[in-house]
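> Pasting in a structure now, in structure tokens, and then I'll have a few things to ask.
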Amino acid sequence: MIREIQYNEIFDAQEHFRLILDSMSRPGKINKIYNENISTPEGLNNASALIGFALLNRDVGFYSNKNKTQIEEYFVVNTNSKPVAANKADFIFINGNEESEVIDEANEGLLEYPEKSATIIIDVEEIYDSAKDQSHELILKGPGVMTEKRCYIRNIKTRILEQIKEKNSEFPLGIDIILTDKQGNVICIPRSNQLTWN
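Mapping the sequence shown onto numbering that gives the first Met the number 0, position 50 (from 1) lands on 49, and the numbers just tick up by one.
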């Protein structure tokens with residue numbers, strides 16, 4: 000697996016980390032992360048790879064259940080992070096259009112240390128700020144949202160949304176969610192938010 004030499008581990012990572020923080024503090028806000036110079040393995044959105052570069056390091060573990068060997072090698076070479084079992088992972092990469100029991104296994108933290116919970120990065124086809132055909136309408140309420148925030152996702156299974164809601168039913172325990180699409184759009188759903196959908 001080739002190391003991404005067109006990615007700046009300091010400046011690019013800092014820019015993307017700030018963007019992730021902005022997205023997490025403003026749930027449902029669409030931001031964009033993209034770098035046309037990187038070559039991601041099949042099954043991994045460009046934006047998800049860049050999020051991995053910003054968040055993974057030698058002190059955390061990650062799990063991927065899609066194109067497993069290539070994606071594991073890609074992140075190991077580029078971040079020095081280590082692949083681990085799903086229930087031990089700090090970050091989990093999945094595809095929104097596939098069944099994913101791995102969410103049920105994700106670490107939801109402890110009451111003493113809720114921040115130790117997992118973050119799930121989910122690849123979807125498209126993220127919109129207005130309704131389109133064949134999309135789920137997500138409705139977010141809670142911290143960072145004035146009244147409610149609506150956004151629209153194409154190609155995410157309803158079962159995954161159900162799993163997220165179940166995992167986040169006992170705040171402060173739960174999982175944080177980052178959704179990315181093929182165009183580099185990103186939204187976040189922190190575990191503090193209430194999620195419903197149509």
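Every residue gets a Cβ at the ideal spot worked out from N, C-alpha and C, and that includes glycine.
Since the structure is predicted, the reported quantities are computational estimates derived from the model, not experimental observations.
1. Whose C-beta lies closer than 6 Å to the C-beta of GLY108 among residues of the same chain, with five residues either side of it excluded?
2. Leaving out five residues on either side along the sequence, give the residues of the same chain with a beta carbon under 7 Å from the beta carbon of LEU49.
3. Please state whether DSSP places TYR127 in a helix, a strand or coil.
4. May I ask you to verify whether the stretch 125 to 133 touches the stretch 47 to 63, counting CB pairs closer than 8 Å and requiring at least 3?
5. Rounding to the nearest angstrom, what Cα-Cα distance links GLU147 and ILE1 in this structure?
6. With the cut-off set at 8 Å, would you say GLN5 and PRO40 are in Cβ contact?
7. Go through its chain and collect everything with a Cβ distance to ASN44's Cβ below 7 Å, but skip five positions before and after it.
8. Pick out whichever of LEU194, CYS187, ARG17 has its Cα sitting closest to the Cα of GLU161.
9. Does any residue of chain D bring its CB to less than 8 Å from the CB of ILE176?
10. Can you tell me where the alpha helix (DSSP H) with LEU160 in it begins and where it stops?
11. Determine the DSSP secondary structure at GLU136, reduced to helix, strand or coil.
12. Closest to ILE145 by CA distance: which of ASN7, GLY27, ILE9, ARG17 is it?
13. Taking only three categories from DSSP, how would you classify PRO82?
14. By Cβ distance, which residues of its chain are closer than 7 Å to GLU104, with the 5 residues on each side in sequence left out?
15. What separation, rounded to the nearest whole angstrom, lies between the Cα atoms of LYS65 and ASP128?
16. Would you mind reading off the limits of the beta strand (DSSP E) that contains ILE119?
17. In terms of residues, what are the limits of the alpha helix (DSSP H) holding ASP103?
Straight from the coordinates:
1. LYS115, SER116, LEU172
2. HIS15, ILE32, ASN34
3. strand
4. no
5. 43 Å
6. no
7. ASP122, THR179, ASP180, LYS181
8. LEU194
9. Within the model displayed, chain D is absent; a lone protein chain is all it includes.
10. 157 to 166
11. strand
12. Strictly speaking, residue 145 in this sequence is Met, with Ile absent from that position. Of the listed residues, the one whose Cα sits closest to MET145 is GLY27.
13. strand
14. ALA85, ASN86
15. 27 Å
16. 118 to 122
17. 101 to 104
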